[in-house]
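Have a look at the structure below, then the notes.
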Amino acid sequence: MSLGATTGPHIVVVGAGMVAHRFVESLLSRADDTWRVTVIGEEPRGPYDRVGLTSFFAGATPDDLALDAEVLADERVRLMLGDPVARIDREANAVSTASGLSVPYDHLVLATGSYAARLAVDGFDLPGCFVYRTLDDVESLREFVQRRSAQLGRPLVGTVIGGGLLGLEAAGALQGLDVACTVVQSSDRLMSAQLDLPAGAALRRLIESRGIAVRTGSVTTRLDPDGTGQVGGLEFRDGTYAQTDVVVFTVGVRPRDELARRADLGVHPRGGVLIDAQCRTADPRILAVGEVASFDGMAVGLVAPGYAMAEVAATRLLGGEASFPGYDLSTKLKLSGVDVASFGDAFAETPGALDVVYADPVAGAYKKLVLSDDAKTLLGGILVGDASAYGSLRPLVGGALGGDPAAYLLPDGGVAAPTGDLPDEALVCSCNSVTAGTIRHAVHDEGCTDVTAVKACTKAGAACGSCVTMVKKIVGTELAKAGATLSNALCEHFDMSRRQLFDAVRVSGLTTFSAVIQRFGQGRGCDICKPALASILATLVRGHVLDGENATLQDTNDHVMANLQKDGSYSVVPRIPGGEITPEGLLVIGQVAKDFGLYTKITGGQRIDMFGARLEQLPAIWKRLVEAGMESGHAYGKSLRTVKSCVGSTWCRYGVQDSVGMAVQLELRYRGLRSPHKLKLGVSGCARECAEARGKDVGVIATEAGWNMYVGGNGGFTPRHAVLLAEGLSDAELLQAIDRFLMYYIFTADRLQRTAPWFEDLEGGLEELRAVIFDDSLGICADLDAAMSAHIDSYEDEWAATLKDPDKLRRFASFVNAPATPDPSLAYVPERGQVRPATSEERAGGVLIAGTTLEVRR
């Protein structure tokens, strides 16, 4: 079978990862309609964010990690997944897939990436041994840990072999799964490729302070099975032995260059397809980008160089001039609670280089700047314990530092950091190779007046997001030079920020969107301001989300009080406060799922999710759950999601307080609380932190002296560690403090701003927040208390209220003349023992789609 020719150039991209996605995006944004691109991926899913893979263990879903689907949905793109390329025929200019499909090309782009290596030792492939590379890897790891822990009846003991950047992320992931983890590193320090000895020592102290053991200078020589054939232990070169239940290898990656080897393309002895500065291989029709490519003797497993190669390859194919400048090896650790960064000539290998070092072992901080011999030019640096200066320093590498180096190194209260402008050539966004000059051009010549516009125009900050603060600073500075200010307008229909609009609605007493936009805005509104106003009105006016005209303001999920899934069906999540549920409650959920053919899944927030419900089935499902005493879990709203807890003093021998009881009390207190973004809380019954409370918007940890309250943490794409707000609180003091914190956040946060960035932007920081909440420094505590009291008093279950209202129930029909009974010609086939329902397209068209579990019989 062969695909036919196209009218214009046909580009075949082998690989469907982040770099392939960037290449297609760059190419098609500039190519005309005659170009055609075929993307062939080995994995069955589309491109996703490998950089944010660890956020999977903090609650992110595969959909959260998915890259912009619109890029590959372009009509010029054909996407082929789950059918890897098996052979390149350079004479015929075609590739063959594993299924036998032949795809011709005018130009071929290899973006096959790399694979995770394992130690070549006995036992490396025992059950319980994993790598940390793909979504399948992390999903399998989590599933194994949960299953094995249940089998053994105890938390597992884990080992991460490899103490680099990825190894520390994997260790944090294991710890989040309640696995007692040890990182084994063969060299004398952690992250030895990025850190010197003192920095490595500082990092080790930080890692060990989080409860992760570190073993350096240890070479693993053998893995042994336990009595059941699973991995059970490791032997080291010095003869010592360690027990383990799970092993994760993070010992590096190797380029996926097997296709190039079989096609007789040039390959470096250490791996990687040889390319020149234009990303061309030995065959002029074939280019290579990303981790599979070897340039100047190196193949590097970082996304930023891959993006740079993708831009070069796209530009060259379009007839432009571009060259790959070489590798930027700057890295920043993404392990929550541990700040580490390394950039430029971190090891001071430049002749005559000078080191300027600040170290505070007690605080766990080590900072080093590497300067030229005249102490004027910044060459590189290392930051451990406090990497807040990374965004300001990395763009300056190779240029003048612009001030006293100590200003960048000293802690708060030291010398004021220099505020000079970055030179135009300074690289602000290494992921997308965006310079300060490019951002300035976007502001002055492209009319970009806010960070969102600059991001859309230049891609600065669109990848890992670590440079967004610097982008915002540059945009604000350039607008000020032009006599303007950085717009904080909610959207084109409201010139106010969300905070200003919140205050305006509160003071005016307006209760509908039409009244608000008539008085404070213009036009008819959009998908930005309407949900924002819906949230504001839910706080100030309250009432059901489907009441009156405000029902039209809601996002899709809020509008039907369920989560829309990618196949067009919905998921239903009843509230299970604190994860505590009776056997009768479990039976009800199980019977509902069975009767309606729903797929069930235990969520990371200690609830049970039921997937695959059709729109018209939702009220019937809710009715069964409500009759059993359950209610909406608000999994669909920008509101309180869950309050996670451990078993606490009720069952655990280490527990010092009733964490389950407190979690239930908090969840029932704040259920239905609408906010600028979703809210997650956690309550741990002791300092062992099994509920991962310090990764939540509000975290509560029990001590002998009372409750410790942490705020401003979150998981997701940019995980943040919560900070300690107060210690030794009584139950009443804790509730009042959380009441005021949440309401102050709801009153003042920006649109879609989570508590972590809101807290960082708060003027006065932690001390000011304490003063507001405990000392009433702004004189608003009575307002905050009253607002929370009004919310608690007015709470009504949205599912139950909908079932009582015939007008609201009319919304839950898939189409006007929907039949009362399902189509009998549809048959559902179980997936892993559970049914996946038909999508709306499958139901309408009756088409059998390859790879799906649905059979349509006519």
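According to full-length UniProt numbering, the sequence shown is numbered sequentially starting from 1. Note that beta-carbon positions come from the ideal geometry of N, C-alpha and C, so glycine has one too.
{"query": "In the DSSP assignment, what residue or residues form a beta bridge with serine 149?", "result": "Its beta-bridge partners do not exist; DSSP assigns none."}
{"query": "Leaving aside the five residues before and after alanine 20 along the sequence, list all residues of the same chain whose C-beta is less than 7 angstroms from its C-beta, in chain order.", "result": "Val13, Val39, Pro47 and Ala111"}
{"query": "Below 8 angstroms on the Cβ atoms is my contact criterion, and I expect threonine 377 with glycine 399 to pass it. Report the Cβ-Cβ distance as a whole number of Å.", "result": "7 angstroms"}
{"query": "Bridge partners for valine 357 per DSSP, in chain order?", "result": "Lys368"}
{"query": "Would you call lysine 804 buried or exposed, if buried means 16 or more other Cβ atoms sit within 10 Å of its Cβ?", "result": "exposed"}
{"query": "Taking just the CA atoms, how far does threonine 221 sit from valine 184?", "result": "12 angstroms"}
{"query": "For arginine 147, does the count of other Cβ atoms within 10 angstroms reach 16, so buried, or fall short, so exposed?", "result": "exposed"}
{"query": "Could you pull out every residue in the same chain whose Cβ sits closer than 6 angstroms to the Cβ of methionine 788, ignoring the five residues on either side in sequence?", "result": "Asp739 and Met743"}
{"query": "Taking all protein chains shown into account, decide if isoleucine 161 is buried (16 or more other Cβ within 10 angstroms of its Cβ) or exposed.", "result": "buried"}
{"query": "Which of the three DSSP states, helix, strand or coil, is assigned to methionine 309?", "result": "helix"}
{"query": "So, at 7 angstroms on beta carbons, what are the nonlocal neighbours of alanine 416 in its own chain, with the 5 sequence-adjacent residues on each side left out?", "result": "With a pLDDT of 37 at alanine 416, under the threshold of 50, the modelled position of that residue is not reliable, and the figure given next carries that caveat. Closer than 7 angstroms at the Cβ level, and outside the excluded window around alanine 416, lie Ala407."}
{"query": "Is it buried or exposed for tyrosine 390, if we count other Cβ within 10 angstroms and need 16 for buried?", "result": "buried"}
{"query": "Would you be able to state if there are at least three C-beta pairs under 8 angstroms between the stretch 306-317 and the stretch 18-32?", "result": "yes"}
{"query": "According to the Cβ coordinates, are leucine 546 and arginine 811 closer than 8 angstroms?", "result": "yes"}
{"query": "In three-state terms, what does DSSP make of tyrosine 654?", "result": "coil"}
{"query": "Please classify serine 29 as buried or exposed, where buried requires at least 16 neighbouring CB atoms within 10 angstroms.", "result": "exposed"}
{"query": "Based on Cα-Cα distance, which residue from Pro9, Arg50 and Gly41 lies nearest to tyrosine 105?", "result": "Pro9"}
{"query": "Measuring CA to CA, which of Val121, Asp226, Ile207 and Gly306 is closest to proline 255?", "result": "Gly306"}
{"query": "In chain order, what residues of the same chain have a beta carbon less than 8 angstroms from the beta carbon of alanine 482, not counting five sequence neighbours either side?", "result": "Val443 and His444"}
{"query": "Grab me the residues of proline 198's own chain with a C-beta within less than 7 angstroms of its C-beta, minus the 5 sequence neighbours each way, in chain order.", "result": "Ala359 and Tyr366"}
{"query": "Mind pulling the beta strand (DSSP E) runs of 3 or more residues that sit fully within the UniProt domain \"Nitrite/sulphite reductase 4Fe-4S\" (637-773)?", "result": "640-645, 679-684, 698-703, 706-711 and 723-729"}
{"query": "Could you give the distance in angstroms between the alpha-carbon of alanine 116 and the alpha-carbon of aspartate 374?", "result": "42 angstroms"}
{"query": "Do the CB positions of methionine 630 and proline 574 come within less than 8 angstroms of each other?", "result": "yes"}
{"query": "When you compare each of Gln522, Lys473, Val507 and Thr477 to aspartate 495 by their alpha carbons, which one comes out closest?", "result": "Gln522"}
{"query": "Applying the 10 Å Cβ sphere with the 16-neighbour rule, what's the burial state of arginine 36?", "result": "buried"}
{"query": "Select from Leu152, Leu101, Tyr132 and Pro155 the residue whose C-alpha is nearest the C-alpha of alanine 170.", "result": "Tyr132"}
{"query": "Can you tell me whether glycine 15 is helix, strand or coil according to DSSP?", "result": "coil"}
{"query": "Could you check what DSSP says for threonine 419 in three-state terms: helix, strand or coil?", "result": "Since pLDDT at threonine 419 reaches only 48, below the 50 mark, its modelled position is unreliable, and no value is offered."}
{"query": "Looking at the structure shown, is valine 46 part of a helix, part of a strand, or coil, going by DSSP?", "result": "The question names valine, yet the displayed sequence has glycine at residue 46. If DSSP states are grouped into helix, strand and coil, glycine 46 belongs with coil."}
{"query": "So cysteine 529 is in the alpha helix (DSSP H); what residue range does that whole segment cover?", "result": "529-540"}
{"query": "Tell me which residues share the same chain as alanine 173 and place their Cβ nearer than 6 angstroms to its Cβ, disregarding the 5 neighbours each side in the sequence.", "result": "Thr54 and Phe57"}
{"query": "Find out if the Cβ-Cβ distance for the pair valine 109, valine 95 is shorter than 8 angstroms.", "result": "no"}
{"query": "Would you call the CB atoms of tyrosine 670 and arginine 694 closer than 8 angstroms?", "result": "no"}
{"query": "Just the Cα atoms here: how many angstroms apart are glycine 17 and histidine 107?", "result": "18 angstroms"}
{"query": "To the nearest angstrom, how far is it from the Cα of isoleucine 746 to the Cα of isoleucine 88?", "result": "57 angstroms"}
{"query": "Here's the rule: buried if 16 or more other CB atoms are within 10 angstroms of the residue's CB, otherwise exposed. What is alanine 98?", "result": "exposed"}
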